[in-house]
Amino acid sequence: MFSAPSEHILLSQTREVAKLLKENDNYLICPHIHPDPDSIGSAVGLYLGLRKLGKQVQIYLPEATPPYMDYLLQHADVQLEQPLDMNLKMIFVDLGTPKQLHPAVKLVNPWLDLDHHLGPVSFTKYAFVDQYSPATADIVFRVLKDLRCPMDKTIATVLYSALVFDTRNLTTPTTLPETLHQAADLIRSGADPTYVNQMLNQQKPINLMRLMGEAFSKIHSTLDDTLVWAVITEEMLTRHGVEETECDYLISDLLTVATAEVILLFKETNQGYVKVSWRSKCHVDVNLIARQFGGGGHRFACGARINLPLKQTVRQVIAATQQVMEAALIAA
Ligand SMILES: [Mn+2]
């Protein structure tokens with residue numbers, strides 16, 4: 066399914082992306098599977114920008130997203146089923162690899178990939194990949210600037226949301242002075258930081274808070290508490306009436322443990338696999354570990370799905386993570 070197109074062109078400037086988008090028409094924008102606010106915000110921001118320029122564009126998203134992201138998606142024409150039309154140029158946002166596409170997505174005319182994960186990817190005709198970019202929304206912002214697309218409150222809000230989400234409120238090591246300028250630009254165009262913070266960070270259902278309390282009361286740690294992890298079982302999810310996709314909030318809270326260098330969250334799903342997420346404060350490249358398990362992402366944030374029972378997954382992942390952390394400590 067993921068055969069490489071006969072021709073693959075890696076673009077090195079957002080200007081080139083803008084030129085291509087200007088010269089063509091009829092786009093279908095696809096976020097990654099279990100999309101986060103960067104993928105959704107980038108998709109909607111690009112969608113709205115292209116619409117302003119008079120282009121035909123749709124978003125294709127074959128799955129439900131957690132309700133807290135509704136404020137981003139409400140502005141777009143979202144297709145739940147893929148319009149199978151060769152004339153539609155598919156644009157992918159925020160995908161490190163085509164493996165991060167929802168299985169329902171068919172690569173009908175994979176045309177452009179915009180991303181900030183470790184690349185390069187070659188499943189689309191064109192790609193712009195900037196692994197130093199703090200968010201895909203930053204790339205979309207630059208492309209829309211190059212297109213001289215006028216900003217408005219809605220575009221600014223979705224892009225600002227994506228940017229602050231991926232940079233953990235403008236605090237990740239990928240955050241540059243330019244990132245703050247960009248955030249300021251978006252605020253000037255109408256993004257409201259108080260509203261976005263409320264939407265992104267203050268939407269926990271009360272049942273989730275109870276589940277978190279239980280998960281936190283049982284957190285594990287090793288290597289002098291530098292490696293900290295929490296486990297959420299299917300039974301806990303059912304008992305508290307919480308969706309597995311709602312649990313991502315826990316990750317940022319685990320990272321606030323003073324001694325933690327690396328944190329891990331294990332979520333048991335009812336589909337026979339365990340979802341594992343890694344976060345690193347700064348010294349350890351956790352992407353190396355995720356890749357060992359067929360996953361991926363960034364140096365500081367990544368994940369994998371592991372087809373093993375929960376206990377075995379925890380044992381193997383903790384052992385591999387410890388090994389990489391110990392090696393990093395020796396090297397430091
Ligand atoms: Mn991203």
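If you count the sequence shown from 1, position 36 lands on 101 in our numbering, and the numbers rise without skipping. Each residue gets a CB set at the ideal place from its N, CA and C atoms; glycine is no exception.
Cross-strand partners of residue i (DSSP beta bridge)
i      : result
Arg370 : Lys340
Leu93  : Gln123, Met155
Pro175 : Met155
Ile412 : Examination of residue 412 is not possible in this model, given that the chain is present from 66 through 397 alone.
Ala217 : One detail in the question is off: residue 217 reads as Asp in this sequence, not Ala. Answer by DSSP bridge pairing: none, since Asp217 is not bridged.
Asp103 : Paired residue(s): none; Asp103 is not in a bridge.
Asp180 : Val194
Heavy atom of ligand 1 within 6 Å of residue i beta-carbon
i      : result
Asp231 : yes
Ala200 : yes
Asp313 : no
Asp159 : yes
Asp178 : no
Asp103 : yes
Range covered by the alpha helix (DSSP H) that runs through residue i
i      : result
Pro258 : 258-266
Leu288 : Neither: Leu288 is in no alpha helix (DSSP H) and is coded neither H nor E.
Ile383 : 375-396
Arg80  : 79-88
Helix, strand or coil at residue i [DSSP, three-state]
i      : result
Phe67  : At Phe67, the pLDDT of 48 sits below 50, so the modelled position is not reliable and the matter cannot be decided from this model.
Ala169 : coil
Pro238 : coil
Leu153 : coil
Val296 : strand
Ser345 : strand
Gly114 : helix
Pro163 : helix
Leu353 : helix
Asp203 : helix
Ile316 : helix
Gly361 : strand
Val208 : helix
Ala248 : helix
Leu145 : coil
Val229 : helix
Ile42  : The question about residue 42 has no answer, for the chain in this structure spans 66 to 397.
Limits of the unbroken beta strand (DSSP E) element including residue i
i      : result
Phe331 : 327-333
Gln411 : With the chain running from 66 to 397 in the structure shown, residue 411 is simply not present.
Tyr191 : 191-194
Check: residue i C-beta below 6 Å from any heavy atom of ligand 3
i      : result
Lys120 : Among the ligands present in this structure, namely ligand 1, ligand 3 is not found.
> If we count Cβ pairs, one from each stretch, closer than 8 Å, do we get three or more for the stretch 232-242 versus the stretch 153-161?
Replying inline: Touching, no.
>> Below 8 Å, how does it come out for the stretch 285-296 and the stretch 254-262: are there three or more Cβ pairs, yes or no?
In response: No, the stretch 285-296 does not touch the stretch 254-262.
> Do three or more CB pairs link the stretch 126-144 to the stretch 333-340 at distances below 8 Å?
Replying inline: As far as the Cβ criterion goes, the stretch 126-144 does not touch the stretch 333-340, which means the pair count is below three.
> Is the stretch 193-204 touching the stretch 220-240, taking contact as three or more C-beta pairs under 8 Å?
Replying inline: Yes: the two stretches touch, three or more of their Cβ pairs being nearer than 8 Å.
> Using 8 Å as the threshold, is the stretch 165-172 in touch with the stretch 74-91, meaning 3 or more CB pairs across them?
Replying inline: No: the two stretches stay apart, fewer than three of their Cβ pairs being nearer than 8 Å.
>> Three Cβ pairs or more, each shorter than 8 Å: is that satisfied between the stretch 258-268 and the stretch 378-391?
In response: Because the criterion of three Cβ pairs below 8 Å is not met, the stretch 258-268 and the stretch 378-391 do not touch.
> Between the stretch 123-133 and the stretch 211-227, are three or more C-beta pairs nearer than 8 Å?
Replying inline: Pairwise C-beta distances place the stretch 123-133 out of contact with the stretch 211-227, as fewer than three of them are shorter than 8 Å.
> Do three or more CB pairs link the stretch 342-356 to the stretch 322-329 at distances below 8 Å?
Replying inline: Look at the beta carbons and you see the stretch 342-356 touching the stretch 322-329: at least three pairs across the two are nearer than 8 Å.
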